[in-house]
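Trainee: Attaching a single structure in structure tokens format; questions to follow.
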Amino acid sequence: MAISPTQFAVTTRQSAANWSDAKRRVLAAYRDWIRAAPEIQTMYSVPLPVSVIRTRIRQEFERHRFVNKLPVVDVLLMHNNADYQETMNFWRQTNHIMSYFKDENFRGEKRLPSSFMSGFLEGRN
């Protein structure tokens, strides 16, 4: 499969005209990510089911649900477009993708012991 850098490129617009335009663009971006979940799982060899990937995508969109300024929505959409292009063109590495799944990945944030003594008592080096 040849990678075309412009295949997923989106022309950057100055700003959304109004809230209905912004909503339409956000929903289109959300649908693109949801449709790409099986391909992301295959490309990056993610050891999680597609449903978990889709749930995490939804959580990322829900995190910014209550943004109420159009310029902020525009910036989020530009970041979204860049992330989508990087992901789908395989410009990321697997650890970049797995960083979104901290709870399912390497015992979450507790990958390393918090102190020497707690690691020693757990029997970890």
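Residue numbering for the sequence shown follows our numbering, beginning at 34 and increasing consecutively.
No residue lacks a Cβ here, since even glycine has one placed at the ideal position from N, Cα and C.
1) Whole angstroms are fine: how far does the CA of SER151 sit from the CA of ARG91?
2) Near GLU72, what residues of its chain come up, given a Cβ to Cβ distance below 8 Å and the 5 sequence neighbours on each side ignored?
3) Given this structure, state the Cα-to-Cα distance separating ARG89 from SER132, to the nearest angstrom.
4) Quick check: the Cα distance between ASN128 and ARG98, rounded to an integer number of angstroms?
5) Of the residues GLU93, LYS135, TYR117 and ILE130, which one's Cα is nearest the Cα of ASP65?
6) Would you give the residue range spanned by the alpha helix (DSSP H) that GLN92 belongs to?
Mentor: From the atom records:
1) Here the C-alpha atom of ARG91 lies approximately 35 Å from the C-alpha atom of SER151.
2) Excluding sequence positions up to five before and after GLU72, its CB lies within less than 8 Å of the CB of MET121, all in the same chain and listed in chain order.
3) Roughly 11 Å between the two C-alpha positions.
4) Answer to the nearest angstrom: the Cα atoms are 26 Å apart.
5) For ASP65, the closest C-alpha among the options GLU93, LYS135, TYR117 and ILE130 is that of TYR117.
6) Start and end: 83-96.
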